[in-house]
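*Asks:*
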Amino acid sequence: MPAAAADYRFQGSLGSRVGAAPDLVEIGEGTIAFSDEGMIGRAVLSFARGSGLSLTPTGVIDGTEYTIEVLFRFDRLNGYRKIIDFKDGSYDDGLYVFYGCLNFYPRHMRSSIPIEADSYVQVVLTRDASARVVGYVDGIRQFAFRDTAALAEIASESLRFFVDDSVTEGVESSSGAVSQIRLYDRPLTANEVAALACAEIRVPLATHPCPDPR
Numbered sequence: 010m011p012a013a014a015a016d017y018r019f020q021g022s023l024g025s026r027v028g029a030a031p032d033l034v035e036i037g038e039g040t041i042a043f044s045d046e047g048m049i050g051r052a053v054l055s056f057a058r059g060s061g062l063s064l065t066p067t068g069v070i071d072g073t074e075y076t077i078e079v080l081f082r083f084d085r086l087n088g089y090r091k092i093i094d095f096k097d098g099s100y101d102d103g104l105y106v107f108y109g110c111l112n113f114y115p116r117h118m119r120s121s122i123p124i125e126a127d128s129y130v131q132v133v134l135t136r137d138a139s140a141r142v143v144g145y146v147d148g149i150r151q152f153a154f155r156d157t158a159a160l161a162e163i164a165s166e167s168l169r170f171f172v173d174d175s176v177t178e179g180v181e182s183s184s185g186a187v188s189q190i191r192l193y194d195r196p197l198t199a200n201e202v203a204a205l206a207c208a209e210i211r212v213p214l215a216t217h218p219c220p221d222p223r
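Numbering (my numbering), first residue to last: 10 to 223.
1. Using the Cα positions of G24 and R18, report the straight-line distance between them to the nearest angstrom.
2. Determine the extent of the alpha helix (DSSP H) in which A15 is found, giving its start and end residues.
3. Start and end of the alpha helix (DSSP H) containing V202?
4. Measure the C-alpha to C-alpha separation of D147 and Q131 and round it to an integer number of angstroms.
5. By DSSP's criteria, L62 is part of a beta bridge. Which residues make up the other side?
6. For R223 and S182, what's the separation of their Cα atoms in angstroms?
7. Near F43, what residues of its chain come up, given a Cβ to Cβ distance below 7 angstroms and the 5 sequence neighbours on each side ignored?
8. Put G47 into one of helix, strand or coil per three-state DSSP.
9. Considering Cα atoms alone, identify which of I163, E125, M118 is closest to A153.
10. Is the beta carbon of V202 less than 7 angstroms from the beta carbon of V142?
11. Rounded to whole angstroms, what is the Cα-Cα separation between S184 and D71?
12. From Y145, M48, S167, L62, pick the residue whose C-alpha is nearest to that of T76; which is it?
13. Would a check of beta-carbon distances place S25 closer than 7 angstroms to chain C?
14. Going by the beta-carbon positions, is the gap between S175 and L80 smaller than 7 angstroms?
15. Which of the three DSSP states, helix, strand or coil, is assigned to E125?
16. Nearest by alpha-carbon distance to A199: which of S120, Q151, S139, T65 is it?
17. Given this structure, state the Cα-to-Cα distance separating L192 from T65, to the nearest angstrom.
18. What is the DSSP secondary structure of R119, reduced to helix, strand or coil?
19. Is it true that the CB of A138 sits closer than 7 angstroms to the CB of D156?
20. Quick one, which of Y105, D127, E178 has its alpha-carbon nearest G47's?
21. Which residues in the same chain have their Cβ closer than 7 angstroms to the Cβ of P218, if we skip the five residues on either side of it in sequence?
Right, dumping it as structure tokens:
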């Protein structure tokens, strides 16, 4: 398995199990709580709608070439629900679940594997030196695009998870839980991402198509 630059497992702590990465920090207006969740059989961090996590500073990974892996669930999936914010909450850009499908706004990338409410899913995002961004759900590629506008470039000292930005002011968020966040200081290959998925929990995949983003 590739070596992670940071590995957060939420076993009663917001600290990383590897490397010298800083602890994650609670942000937002809701609450978070550590617990053991039967459906996944491991420790998780539950978060209320409006609350989430921030990595500050972000120097543990390169802002232009990286991999971010998140194992989580959302309670509600109607509309846009933000997973990762790259611009310290100042812009609406970022990685979302849109009506149950992985989406990178404002590119409106169409995804093929639906994400189910209240079910854990592994989402991976990579960005390489040519600015190519690839999104995966449970090890399967969902979209790829050339990030000429630097939408997925970590341009601030804060990488935020699950909290909406100041543009939509909390509307595009959901309560849920997270079991793992791993950061890699390089873009993983498709085979490496698939191997990570095989090592994590697998969720049942529906067959109905995902809607086109608005």
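From the three backbone atoms N, C-alpha and C, an ideal C-beta is built for every residue, glycine too.
*Replies:* In short:
1. 8 angstroms
2. No alpha helix (DSSP H) contains A15, which is instead part of the beta strand (DSSP E) from 15 to 17.
3. 199 to 208
4. 5 angstroms
5. E35, F170
6. Its pLDDT being 43, under 50, R223 is placed unreliably by the model, and nothing is read from it.
7. F19, G21, A52, L54
8. Note: G47 maps to coil in three-state DSSP.
9. Minimum Cα distance to A153 is reached at M118.
10. Taking a C-beta distance under 7 angstroms as the contact criterion, V202 and V142 do not qualify as a contact pair.
11. 29 angstroms
12. Y145
13. Protein chains in the displayed structure number just one, and chain C is not present.
14. no
15. When DSSP states are grouped into helix, strand and coil, E125 belongs to the coil group.
16. Q151
17. 13 angstroms
18. coil
19. no
20. D127
21. A caution first: P218 carries a pLDDT of 48, below 50, which makes its placement in the model too unreliable to give a value.
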